[in-house]
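This report refers to the structure that appears directly beneath it.
Protein chains: 2
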Amino acid sequence: MGGDHGTAVIVKGIAMAMTTSPNMRPILVGDETLIQKELSKYSDLQAVEIVHTTEIVPAEEKPSVALRNGKNTSMRLAINLVQEGKADAAVSCGNTGALMAMALIALRTIDGIDRPALAANLPTIDSKCCMLDLGANIDCTAEHLVQFALMGETFSRVVNGNDNPSIGLLNVGAEEQKGNAVLREAAAMLSASKSEINYYGFVEGNDITMGAVDVVVSDGFSGNIALKTAEGTAKFITTLLRRSLKSSLMAKIGYLFVRSALKPLRHKLNPQRYNGAVLLGLNGIVVKSHGSATDEGVAYAINTALQMINHNYMDDLIQSAARATLAIDRAENGNA
Amino acid sequence: MGGDHGTAVIVKGIAMAMTTSPNMRPILVGDETLIQKELSKYSDLQAVEIVHTTEIVPAEEKPSVALRNGKNTSMRLAINLVQEGKADAAVSCGNTGALMAMALIALRTIDGIDRPALAANLPTIDSKCCMLDLGANIDCTAEHLVQFALMGETFSRVVNGNDNPSIGLLNVGAEEQKGNAVLREAAAMLSASKSEINYYGFVEGNDITMGAVDVVVSDGFSGNIALKTAEGTAKFITTLLRRSLKSSLMAKIGYLFVRSALKPLRHKLNPQRYNGAVLLGLNGIVVKSHGSATDEGVAYAINTALQMINHNYMDDLIQSAARATLAIDRAENGNA
């Protein structure tokens, strides 16, 4: 029931995801009448299961309020399906704060992970990189950052198909003495665990989209600032580019010639393709779609969930959490 | 003597700045033989004063080492000229950390400002915005952020010509409860001072280049992450755009038609035009040019210094610092 465009777009996205993953069994949680009306438009979706509720989490509701009053909302019931083992993943276009709070309460973190982190892929010049945390945790300890590194490494391996993903810690300079005490401590722990993890070192904001590493790790504050600054800059440049290509008759003629050459760029920067941030570290898969996602974006978010399910992300994550614990213990014994 | 391209580029930049500001009197600090050789190429620069020294601050030297051993370096002697009232501003392409440390020791902060902040302009869709702190202060209190806000407001008024610049605090969401305690406290102080300052509220990373406000205030960690992420994203997109426009014969033909329409975009994104970060809050004007600046970039950095001098930035800043003190006192008495 979440998202800015309502049920129609979500159901259309499901239909799109079904074409590439015909074995998927979606369960739709929300107002049965509204959902049924949309499902009736797609022959593939006639037998889709519905869990009926008319309650929803409003877009601007505080997480604490949603937790208290939202027991029968579509968001909570979808997460409950994962908790009860009736669904392999939950995908939501709704209120991010409420989703994180509900998912944490219902699913809890796995052993060795103290806090869930929000992760997503960003485009880079020749590939993509996984970035986390994007806003779930404003303040983080060095131990949290080490756990995020291992969770991101798992995501990069399982979802992005990187054999031995390199991990960078987001900082304001590459030199060892840069940044704050938390970052330096996390860097020391990761450096001491190079047999467990392909730790690259500190990376700066400009390294993210240049593709310096496969995984960029940060606290949720810096990560959110970086993600939104990158999104804003991309929008800023593409807006100016679009204006330029319409600014004269010559430009309009030229655009007809360059249009097909610009397709890969448009494809690369299409935000729908990067839709679907994943809440990592919980006993279950939860994917957050942008509220503004189109049907294509919804399909991408669903595909992310499917890839995590099909490649046994949860099993891999449990091993990664054990490696994170090992790295932290080693550092703490080394310091003692 | 700083910068990646040596004395030739710096002298060429000075010559360029002289064409628009013929009354400027540059004093060059460094190796007289090297400088004289470059000056001899420009008829306008024959009478330029030189302060001779062969010592320099190496690019990678730690600020503490530069402070201790750098008493006779070109960087320190240039700052000393400002301290002694022999120069109105110092411009350097050298080691940022050393420059900040030396400037702070030699010039001290003005009354009411606890810490200097690094500020620069960034392009926005229809104009530009001033951002600070870009990396001088990793950890900041709410009081520091309020002081940065007033310093940025002054810069935006004096250098960018905005009558009543709007000020935003960089955060991970626009809602009041977002972010950390320091940000919420700074927001409360600025909100209580709306008669003194045009405080807009929290802004997010994507608001920077979209031009939501004239001044974006943050601690040096977040500011540096945002600045470098914006720079990296711009480079990422322009790299892909350049590749696209060379990717086929059709595209190359089209490029001939769109080339002149793309000029404003190229101009807007030209990093040389935004060269020259200013260390605000000191008893004197210090401008940091990128090490990689071209002659055009050096000229822009010099022009920033000239604008601050010509518009009596220092007088304005002293008044702004008094307003910052007032805002902080009011908030603290209000809380008491």
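Sequence lines, in order, name chains R and X.
Using numbering that gives the first Met the number 0, the final residue of the first sequence is 335, and nothing's skipped along the way.
Using numbering that gives the first Met the number 0, the final residue of the second sequence is 335, and nothing's skipped along the way.
From the three backbone atoms N, C-alpha and C, an ideal C-beta is built for every residue, glycine too.
Here the structure is a predicted model, which means the values were calculated and not measured.
Annotation: the region 232-319 of chain R contains the following complete segments of the beta strand (DSSP E) (minimum length 3 residues), in chain order: 276-279, 284-287. Distance from the CA atom of Leu33(X) to the CA atom of Ala7(X), rounded to whole angstroms, is 9 Å. Considering only beta carbons, the part of the region 127-156 of chain R lying closer than 7 Å to chain X consists of Gly134, Ile137, Asp138, in chain order. If you check the CB distance, Leu117(R) and Leu278(R) come in under 7 Å.
Contact with chain R is found for Thr228(X), since one of that chain's Cβ atoms lies less than 7 Å from the residue's Cβ. For the 7 Å CB-CB criterion, Tyr198(R) and Ile166(R) form a contact. In the DSSP assignment, Asn179(X) falls outside any beta strand (DSSP E) and carries neither an H nor an E. For Ala97(R), the number of other beta carbons within 10 angstroms of its own is at least 16, and it is reported as buried. Taking a Cβ-Cβ threshold of 9 Å, the residues of chain X close to Leu240(R) are Ile236, Leu240, Leu261, Leu264, in chain order. Secondary structure note for Ile26(X): its beta strand (DSSP E) is the uninterrupted segment 26-29. In the three-state DSSP reduction, Pro62(R) falls in the helix class (H, G or I). Comparing alpha-carbon positions, the option among Arg272(X), Gly280(X), Leu240(X), Ser291(X) lying closest to Thr303(X) turns out to be Arg272(X). Closest by C-alpha distance to Leu144(R), out of Glu195(R), Leu168(R), Asn71(R), Gly29(R), is Leu168(R). Neighbours of Lys267(R) in chain X, taken as residues whose beta carbon is under 7 Å from its own, are Leu239 in chain order.
For the options Glu83(R), Arg107(R), Val56(R), the alpha carbon positioned closest to that of Ser73(R) is the one of Val56(R).
The criterion of a C-beta distance shorter than 7 Å is not satisfied by Met23(R) and Asp43(R). Taking CB atoms only, Met249(X) has a neighbour in chain R less than 7 Å away. In the DSSP assignment, Tyr198(R) is bridged to Ile166(R).
Nearest C-alpha to Gln45(X) among Ser63(X), Ala58(X), Pro25(X), His51(X): Pro25(X). Following the DSSP letters along the chain, one finds Ser73(R) inside the alpha helix (DSSP H) bounded by residues 73-82. Shown here for Ala191(X): same chain residues with a beta carbon closer than 8 Å to its own, the five before and five after excluded, namely Ala326, Arg329, Ala330, Gly333 in chain order. Listed along the chain, the chain X residues whose CB falls inside 8 Å of the CB of Met209(R) are Gly231, Lys234, Phe235.
When DSSP states are grouped into helix, strand and coil, Glu184(X) belongs to the helix group. Near chain X, meaning a CB-to-CB distance below 8 Å, the residues of the region 194-206 of chain R are Glu203, Gly204, Asn205, Asp206. If you check each beta-carbon in the region 152-183 of chain R against every beta-carbon of chain X, the ones closer than 7 Å belong to Leu169, Val171, Gly178, Asn179.
In chain order, Val28, Gly29, Asp30, Asn71, Thr72, Ser73, Leu76 place their CB closer than 8 Å to the CB of Thr52(R), counting only its own chain and leaving out the 5 sequence neighbours on each side. Secondary structure note for Val47(R): it is in no alpha helix (DSSP H), with a DSSP letter that is neither H nor E. The Cβ neighbour count for His266(X), taken over all protein chains shown within 10 Å, is under 16; the residue is labelled exposed.
Against chain R, the CB of Gly253(X) has a partner CB under 7 Å away; the residue lies at that interface. Between Ile308(X) and Ile252(X), the alpha-carbon positions lie close to 47 Å from each other. Taking C-alpha positions only, Phe201(R) is separated from Arg242(X) by approximately 29 Å. One Cα belongs to Ile109(X), the other to Tyr254(X), and the distance between them is close to 52 Å. Shown here, Ala148(R) sits in a helix according to DSSP, grouped into three states.
Per the C-alpha coordinates, the member of Asp218(R), Ala185(R), Leu226(R), Phe220(R) positioned closest to Asn205(R) is Leu226(R). When 8 Å is used as the limit between beta carbons, Ala225(X) is near these residues of chain R: Gly204, Ile224, Ala225, Thr228, in chain order. Using a Cβ-Cβ cut-off of 7 Å, Ser246(X) counts as an interface residue toward chain R, since at least one Cβ of chain R sits closer than that to its own.
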